[in-house]
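J.: Under my numbering, the first residue of the sequence shown carries the number -2, and numbering increases by one thereafter.
Note that the Cβ used here is the ideal one computed from N, Cα and C, for glycine as well.
I have a structure I would like to understand better, so I am pasting it below and will then ask my questions one at a time.
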Amino acid sequence: MVPSINGTGRSERLSRSAREVMNVPVAQPRLATSAVPSQNTPGTIELETLHDWHDDLEQDSHYQLAKTILCHTNPNIVLTSRDAKIKDDMIFNHMISFEGDPVANQLASGRCWLFALTNVVRIFTTRKYKLAKFQVSQSYLFFYDHLSKANWFLEQVLDIVDEKLESRKMQFLFSNMPAQDGGQWDLAVSLVENFGLVPQHVYPESWNSSNSNVLDTLLTSKLREMGYKLRKYYRERIGHHPDALEMARQEKEKMIKVIYRILTISLGTPPRPDQPFRWEYTDKAGKYHCIETTPLEFARIHSGFDVSNTLSLLHDPRNQFRATCTIERLGNVVGGRDLVFLNLPMKQLKSTAIAMIKADIPVWFGSVDKAADTENGFLDTKLRDLETAFGTRLTLEKKDRLRAYDTSMTHAMMITGVHIDPLTDSPVRWRVENSWGPDACNKGFLVMTDEWFEEYVFQIVAPREFVDRDLLAIYDDAPHSVKVLPMWDTLGSCA
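Here is the structure:
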């Protein structure tokens, strides 16, 4: 706590003055011994070194100009290359036929992975039913994702309940997993398979779905409390009851009911997966339609896209290509779809994405927000010249950035177009739909250079028919051959 200037600080000064008037010796403040570094300590930044650095830079006119400019503005703005932005034209010779409307907005939440999935589904539903505008409810998936993650977290606590609370795994569970907005494609598929989908008007946005931090903070603290108490409950019974684990699971059910109550109060009560609802809509021609269905039926019959018939293609140059990998204990729905990546060279991710665009299918992909001008809609590795300004540049390759935790999969979006050079038959740039609304980026879209794709795209999602049979065989063999990466691996970061 910082003392008040008009409170404690002033009374201390008055007390000192009074002692001085009374000729009482005043103790002088003393520096702690540790505050004065020994000149012989290895690794110390010496004062003489600081003087040398200062003198060298003061004679550097380039440094002086850079400091004069960059001290007073955002470097990301002033260092943006005009030439790069001119070159990154929003023109593409291959685009999907219909992107749908409107551009969705996740607002102040971390639901990009769910928005990217519902954006893909939206395109197929609007085509199937000839709709002018349509959105799948992102809030519906958000509700059941948080409910499922709460259950998942407590199940993981029970699964390794014999480990000490201070163990790395248990500490990671409690610090990272209780409640978060982020996720992965396979986690989204689990939600659709178990809970279905609904149109947005059936379960619209609430304040807490659009501004998730308050709810997430509450759930995180509550789930940590529950996890702690659940461990204690189990440990108190393990020596006396042979069915202590089952008793703990019954206790867990009571806890999840509390989470359900918090979620329904905060987000509203969603339809149950098998609960009938009425979908009323008018098509482009203005004709009225009404369909009686359930969330599970809507996903399976009416959405127009089979999310289950897909797989995640990964580019992780740290690990073996033409092999599968997963992240330990990363999931949401207990008993749901396993998280599995098929790791491939970048060339195969690109060729698959191009084939999908040419087949009129949008591409869900996972990336990171670097070398980006999201305000104006540019993703370009040449966007900013750091070396000219700072005299240094970032040199780590993709695999080393992953190893050093300098890059990770933290954002998901959708590719809807690609420009292929007619002379070289190689991709030049890609059209990307974000989920920050029509007022962000370039009317909601970005242009992504092919170099940016190589450096910062880690994952695309493809229907099985776009993947070669020999690769599908490797993917399908994952239960027997998958490489399990630790839960704290950089790939465990959720979009």
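With a threshold of 7 Å on Cβ separation, who are the neighbours of Met445 within its own chain once the five nearest residues in sequence on each side are excluded?
T.: In the sequence shown, counting from the first residue as 1, residue 445 sits at position 448. Once the five neighbours on either side are set aside, the close Cβ partners of Met445 are Leu376, Arg426, Trp427, Val429.
J.: Let me know if Val481 comes out buried or exposed under the rule of 16 or more other beta-carbons within 10 Å of its beta-carbon.
T.: The residue you call residue 481 lines up with position 484 of the sequence shown. It counts as exposed.
J.: Based on Cα-Cα distance, which residue from Thr115, Ser94, Met252 lies nearest to Arg228?
T.: Counting from 1 along the sequence shown, the entry for residue 228 is found at position 231. Closest option to Arg228, Cα to Cα, is Met252.
J.: Can you tell me which of Trp110, Ala129, Ile351 puts its alpha carbon nearest to the alpha carbon of Lys284?
T.: To locate residue 284, count along the sequence shown from 1; it is residue 287. Ranking Trp110, Ala129, Ile351 by Cα distance to Lys284 puts Ala129 first.
J.: With distances taken between CB atoms, is the gap from Val100 to Gly328 smaller than 8 Å?
T.: Residue mapping note: residue 100 aligns to position 103 of the sequence shown, counting from 1. Residue mapping note: residue 328 aligns to position 331 of the sequence shown, counting from 1. It is not a contact, given that the beta carbons lie outside the stated cut-off.
J.: Give a yes or no on contact between the stretch 215 to 233 and the stretch 145 to 165, applying the rule of three or more CB pairs nearer than 8 Å.
T.: Taking 8 Å as the limit for Cβ pairs, the verdict is that the stretch 145 to 165 does touch the stretch 215 to 233.
J.: Using the Cβ count rule (16 or more neighbours within 10 Å means buried), how would you classify Ile354?
T.: Reading the sequence shown from its first residue, position 357 is the one you call residue 354. Burial call: buried.
J.: Does DSSP put His143 in a helix, in a strand, or in coil?
T.: Residue numbering aside, residue 143 sits at position 146 when the sequence shown is read from its first letter. Here His143 sits in helix by DSSP.
J.: Is there contact between the stretch 269 to 281 and the stretch 187 to 206, where contact requires at least three CB pairs shorter than 8 Å?
T.: Yes, since at least three Cβ pairs between the stretch 269 to 281 and the stretch 187 to 206 fall closer than 8 Å, the two stretches touch.
J.: Report the three-state DSSP secondary structure of Ile2 (helix, strand or coil).
T.: Mapped onto the sequence shown, residue 2 falls at position 5. Residue placement at Ile2 is flagged as unreliable, the pLDDT there being 35, under the threshold of 50; a coordinate-derived value is accordingly withheld.
J.: Using 8 Å as the threshold, is the C-beta distance between Leu155 and Ala63 below it?
T.: For this step, residue 155 is matched to residue 158 along the sequence shown. For this step, residue 63 is matched to residue 66 along the sequence shown. No, Cβ-Cβ distance for Leu155 and Ala63 is not below 8 Å.
J.: Find the nearest neighbour of Ala459 within the set Val186, Leu162, His69, judged by alpha-carbon distance.
T.: To locate residue 459, count along the sequence shown from 1; it is residue 462. Considering only alpha carbons, the answer is Val186.
J.: Can you list, in chain order, the residues of its chain whose CB lies under 6 Å from that of Leu311, leaving out five sequence neighbours each side?
T.: Numbered from 1 along the sequence shown, position 314 holds the residue referred to as residue 311. So the list reads Phe338, Asn340, Gln456, once near-sequence residues are dropped.
J.: Per DSSP, which residues does Pro196 bridge with? Please list them.
T.: Numbered from its first residue, the sequence shown carries residue 196 at position 199. According to DSSP, which records beta bridges pairwise, Pro196 is partnered with Val133.
J.: Label Thr413 either buried or exposed according to how many other C-beta atoms from any shown protein chain fall within 10 Å of its C-beta, with 16 as the threshold for buried.
T.: Position 416 of the sequence shown holds residue 413. When all chains shown are included, Thr413 counts as buried.
J.: I'd like to know if the stretch 93 to 113 and the stretch 349 to 365 are in contact, where contact means that at least 3 CB-CB pairs between them fall below 8 Å.
T.: These segments touch.
J.: Is it right to say Asn431 is buried, meaning 16 or more other beta carbons lie within 10 angstroms of its own, or is it exposed?
T.: For this step, residue 431 is matched to residue 434 along the sequence shown. Buried: at least 16 other Cβ atoms inside 10 Å.
J.: Please go through the same chain and pick out, in chain order, the residues whose beta-carbon is closer than 6 Å to the beta-carbon of Arg334, but skip the five residues on each side of it.
T.: The residue labelled residue 334 in the question sits at position 337 within the sequence shown. Within the same chain, Arg334 has close Cβ partners Asp183, Val186, Ser187.
J.: Buried or exposed: where does Ser305 fall if 16 or more other Cβ atoms within 10 Å of its Cβ makes it buried?
T.: Counting from one through the sequence shown, the residue named residue 305 turns up at place 308. So Ser305 ends up on the exposed side.
J.: Evaluate Ile74 with the Cβ neighbour count: other Cβ atoms within 10 Å of its Cβ, from every protein chain shown; 16 or more gives buried, anything less gives exposed.
T.: Here residue 74 refers to the residue found at position 77 of the sequence shown. So Ile74 counts as exposed.
J.: Buried or exposed for Asn191, going by 16 or more other Cβ atoms inside 10 Å?
T.: Counting from 1 along the sequence shown, the entry for residue 191 is found at position 194. Flag for Asn191 reads buried.
J.: Is the beta carbon of Met411 closer than 8 Å to that of Ala176?
T.: What you label residue 176 is simply residue 179 of the sequence shown in a count that begins at 1. What you label residue 411 is simply residue 414 of the sequence shown in a count that begins at 1. Contact: no.
J.: Assuming the contact rule is C-beta atoms closer than 8 Å, Ser106 and Asp178 should be a hit. Round their C-beta distance to whole Å, please.
T.: Within the sequence shown, the letter at position 109 stands for residue 106. Within the sequence shown, the letter at position 181 stands for residue 178. Right, the Cβ-Cβ distance comes to about 6 Å (below 8 Å), so this counts as a contact.
J.: As a quick exercise: from Asp80, Pro72, Val118, pick the residue whose alpha carbon is nearest that of Phe295.
T.: As a first step, residue 295 must be located in the sequence shown, where it is residue number 298. Ranking the options by Cα distance to Phe295, first place goes to Val118.
J.: Determine the extent of the beta strand (DSSP E) in which Thr321 is found, giving its start and end residues.
T.: Taking the sequence shown and counting its residues from 1, the one referred to as residue 321 is at position 324. Its beta strand (DSSP E) spans residues 320 to 324.
J.: What residues in its chain sit with their C-beta under 7 Å from that of Ser300, if we drop five residues either side in the sequence?
T.: Position 303 of the sequence shown, counted from the first residue, corresponds to residue 300. Correct list, in chain order: Val118, Phe121, Thr122, Leu194.
J.: Can you look up Pro22 in the DSSP assignment and give me helix, strand or coil?
T.: Residue 22 sits at position 25 when you count from the first residue of the sequence shown. Below a pLDDT of 50, predicted positions are generally treated as unreliable, and Pro22, at 49, falls in that range; no measurement from the model is reported.
J.: By DSSP's criteria, Trp361 is part of a beta bridge. Which residues make up the other side?
T.: On the sequence shown, position 364 is the one that residue 361 refers to. DSSP, once it has assigned bridges, lists Met411 as partnering Trp361.
J.: Can you check DSSP and say which residues form a bridge with Gln456?
T.: Numbered from 1 along the sequence shown, position 459 holds the residue referred to as residue 456. DSSP output for Gln456 lists Leu311, Gly363 as bridge partner(s).
J.: Specify the secondary structure class of Trp204 as computed by DSSP and reduced to three states.
T.: Along the sequence shown, read from residue 1 onward, the residue named residue 204 stands at position 207. DSSP places Trp204 in helix when its eight states are reduced to three.
J.: Going by alpha carbons, who is nearest to Glu233 out of Val158, Lys344, Phe442, Asp98?
T.: Taking the first residue of the sequence shown as 1, we reach residue 233 at position 236. Of the listed residues, the one whose Cα sits closest to Glu233 is Val158.
J.: For Cys287, which beta-bridge partners are listed by DSSP?
T.: Reading the sequence shown from its first residue, position 290 is the one you call residue 287. DSSP lists Glu277 as partners of Cys287.
J.: Name the residue from Ser206, Thr404, Leu488 whose alpha carbon lies nearest to the alpha carbon of Asn316.
T.: For this step, residue 316 is matched to residue 319 along the sequence shown. Among Ser206, Thr404, Leu488, the Cα nearest to that of Asn316 is on Leu488.
J.: May I have the straight-line CA-CA distance separating Leu383 from Pro72, to the nearest angstrom?
T.: Position 386 of the sequence shown, counted from the start, is the residue given in the question as residue 383. Position 75 of the sequence shown, counted from the start, is the residue given in the question as residue 72. Roughly 9 Å between the two C-alpha positions.
J.: What did DSSP end up calling Pro72 once you bin it into helix, strand or coil?
T.: Here the question's residue 72 lines up with position 75 in the sequence shown. Here Pro72 sits in helix by DSSP.
J.: Apart from the five residues just before and just after Ile2, which ones in its own chain have a Cβ nearer than 8 Å to its Cβ?
T.: Translated into positions along the sequence shown, residue 2 becomes position 5. Its pLDDT being 35, under 50, Ile2 is placed unreliably by the model, and nothing is read from it.
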